[in-house]
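43 is the number of the first residue of the sequence shown in the numbering used here; add one for each residue after it. Contents: one structure, followed by commentary.
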Amino acid sequence: MQKWEILDFMRCASLPDMREEYNGLGHCALSRCIELTKLMVAVYEHDREQLGSKAPRGLLLLEGIDQKQWDSSMVIRAARKEGLEQEYFANVAVLASGGSRSIDAKLVALSKLPQNFDLQAFTSMLMYGYALCFGYDPSEFYPVQFGSLGRGTEMEIQHEKATVKGKLDYAYAFQENLQGELPPTIDFNFDERDDSGDLTLANVQKTHAETVASMRNTGPGDLSVAETRQLWAEYGLIPREWTEVEEDVEIEDTESPEVSEEEAGDVETEDIESAEEEERRFEYLHRKRDRDRLLSNIHVRSAAETFPKEAIVEYSWPQKRMHVLAESGYGLLTPPRSYHFISREVLYDTDEVEITDDDVEKAIQKGEDRLGAEFKSLLLGEPLPEERGFLDRILKRQDDQWYWDASNLRYVNSAGTVFPQAQLRMMMTESIKLSSEYLNNISNQYTNGNITRTQFIDGMRRELKNEYIRQYMLGRGGYEQMTYADWGSVGGDLASQYRYIDGFADDLLAGDLTPGQIETRSGMYSNSAREAYSKGKDKVMRAWGADEESWYTTSGNSCVDCLDNEAAGWQEIGYFSFPGDGSTICLTACRCGKSYRNSVSGEEYDE
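Spelled out as structure tokens, the structure:
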């Protein structure tokens, strides 16, 4: 907090001196006008001498009278100054001679105006000089001769200039001085626009909007919605925060319910996925460009380094509007990563299911879109850095970047804090819930005839594949821990679910299902992904050294099978099925879990 006293002040120099010992001070407008003022006073004094009978400075040449006689005459003049005759001729010096010798006195002025001196031109140039020093228009304090534009046009121009007197010299100087007193984490700027500037900006924005509309309709290739909004934000037509991508719960395969089945059937899934890839790539470049723009400001960078856990904001007054530039300083300083794995490497491939690295990238990106960067870091499961950098050292508490600690087989942050298992299960449940809503949405679209059977099946399979990949990686410790055997496990489970989807499509087409039944059936597919999490977790536990497992329930109204499993206590690992695989009465709605221990050491894996 800045504590300034009432007598504290800042000196603003419109022409700072370049010498370092002046500490940024320099010459104000008045000091730059001194010579002009002296010249103006000199001309004024000359006129006074001419008009006021005042003798100018110069040399007096006397002939026929010596210095003693001159001094005596001046003394006599002063003595008789009160006389009647001198009352009217006080400024007349009378020199008289009684002899035949003539007397002559000549005054040679030391300074005089040059020949052809034009007082009007001199005065106009003087006013122009003052105007230049102060940054004003000369018409504001002297009626200079108007130009060829005419007095009316010049008055209009003068009005436009009136809002920025001094060309913002004082505003800039004050802004710079104030910035020097503020902490380096604050960037202070005046709004430089005025009424005329706002009107000009509105006209420019209108032209920009028309240009973007023309590009979208007739340009080379169609601009996507994200690209269009990004251009609007770049031109200042909309706030930058409006370009943030939100989750779209509607099927991406089609947007028009009026498209006939034959026309919609021609849409290839590959084209849709290619468009989605372009959207993600564009969004990544957009985020990177915004980050580079913010960090180019030294004050923003300083704020991010000083307050890594605080949001970086921009506040406008008097609008009282606050815009969040970055959720945290750490997030701003951390470079955005685009996880492009080896181009379309096939991780698993059968006649029914194919999993590529591109599928994995899409699943991770969709997970981040739905649950944020923290969820993405869990899915990636990057190894814990051996040497922590500057940012990691100053963040000794928790942040939104989590790593997989191979020594303890747990998610930890840079400070060593273990990610809470309860929060992990909550994220797992939320991801499944959002996936269920998506599947229910496209099921209703298919029932209403808005999409084709092919589009419905492709949409169901793609969403289910994404959720299975996310759930398995979440249990396994992230993408970095996945092996080809793990991808085989995911692919095998998906193959059986794909066969069920075909039957679900037939039931929907027959129209025998109520809206409630459709929602339940859709939810069963997404809930089945819990099995993938359990299988990934089982792999980790076996690597840890577990050879026994026990079943535990998380709900007060668990089914009989789950209660029996819980009552069975510790059993050899592999004795129980995987929660959510459909082998219990509650089928895929199972919310139970398994605990693990090593029977030799008696150590239990504490989640």
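C-beta: ideal position from N, C-alpha, C; glycine also.
Query: Alpha-carbon spacing of residue 346 relative to residue 53, whole angstroms; Result: 31 Å
Query: Assumed close pair residue 338, residue 353 - CB separation to whole angstroms, cut-off 8 Å; Result: In fact, because the Cβ distance is near 19 Å, the residues do not count as touching under 8 Å.
Query: Given 8 Å, three or more beta-carbon pairs between the stretch 621-639 and the stretch 561-580; Result: yes
Query: 8 Å contact criterion, which residue 520 and residue 423 should meet: CB distance rounded; Result: 1 Å
Query: First and last residue of the uninterrupted alpha helix (DSSP H) at residue 467; Result: 463-489
Query: Host beta strand (DSSP E) of residue 342 (start-end); Result: Taken as a continuous stretch (DSSP letters only), residue 342 belongs to no beta strand (DSSP E), being part of the alpha helix (DSSP H) at 340-348.
Query: Residue 354, DSSP secondary structure in three states; Result: strand
Query: Sequence-distant residues of its chain with Cβ nearer than 7 Å to residue 82 (five each side left out); Result: 168
Query: As assigned by DSSP and simplified to three states, the class of residue 157; Result: coil
Query: Integer-rounded CB distance, given that residue 232 should sit under 8 Å from residue 221; Result: About 11 Å separates the two Cβ atoms, so there is no contact after all.
Query: Minimum C-alpha distance to residue 618 - residue among 603, 364, 184; Result: 603
Query: Cβ-Cβ distance between residue 566 and residue 476 below 8 Å; Result: no
Query: Straight-line gap, residue 407 to residue 245 (C-alpha atoms, nearest Å); Result: 39 Å
Query: Nearest residue (CA-CA) to residue 249, options 224, 223, 277; Result: 277
Query: Contacting residues, own chain, Cβ-Cβ under 7 Å from residue 173 (five flanking each side not counted); Result: 179, 180
Query: Three-state class that DSSP yields for residue 366 in the structure shown; Result: strand
Query: Distance between residue 227 and residue 632 (C-alpha atoms, nearest Å); Result: 51 Å
Query: Alpha carbon of residue 488 to alpha carbon of residue 497, nearest angstrom; Result: 8 Å
Query: Straight-line gap, residue 84 to residue 69 (C-alpha atoms, nearest Å); Result: 23 Å
Query: Sequence-distant residues of the same chain with beta carbon closer than 6 Å to residue 373, five excluded per side; Result: none
Query: Rounded C-alpha distance that separates residue 540 from residue 342; Result: 50 Å
Query: C-alpha distance - residue 459 paired with residue 599, whole-angstrom precision; Result: 34 Å
Query: The ligand COA heavy atom lying under 7 Å from the CB of residue 467; Result: For the structure depicted, the ligand COA is absent and the ligand set is empty, with no information on it obtainable.
Query: Cutoff 8 Å; reference residue 644; Cβ partners in own chain excluding five residues on either side; Result: none
Query: Simplified DSSP assignment, three categories, for residue 279; Result: coil
Query: Given 8 Å, three or more beta-carbon pairs between the stretch 442-454 and the stretch 499-508; Result: no
Query: Validate contact between the stretch 549-569 and the stretch 525-532 using beta carbons, cut 8 Å, 3 pairs; Result: no
Query: Inter-residue spacing [alpha-carbon to alpha-carbon] between residue 382 and residue 403; Result: Caution is warranted here: a pLDDT of 47 is assigned to residue 382, below 50, making its placement in the model unreliable, and no coordinate value can be reported.
Query: Cα-Cα separation between residue 547 and residue 499, rounded to whole angstroms; Result: 7 Å
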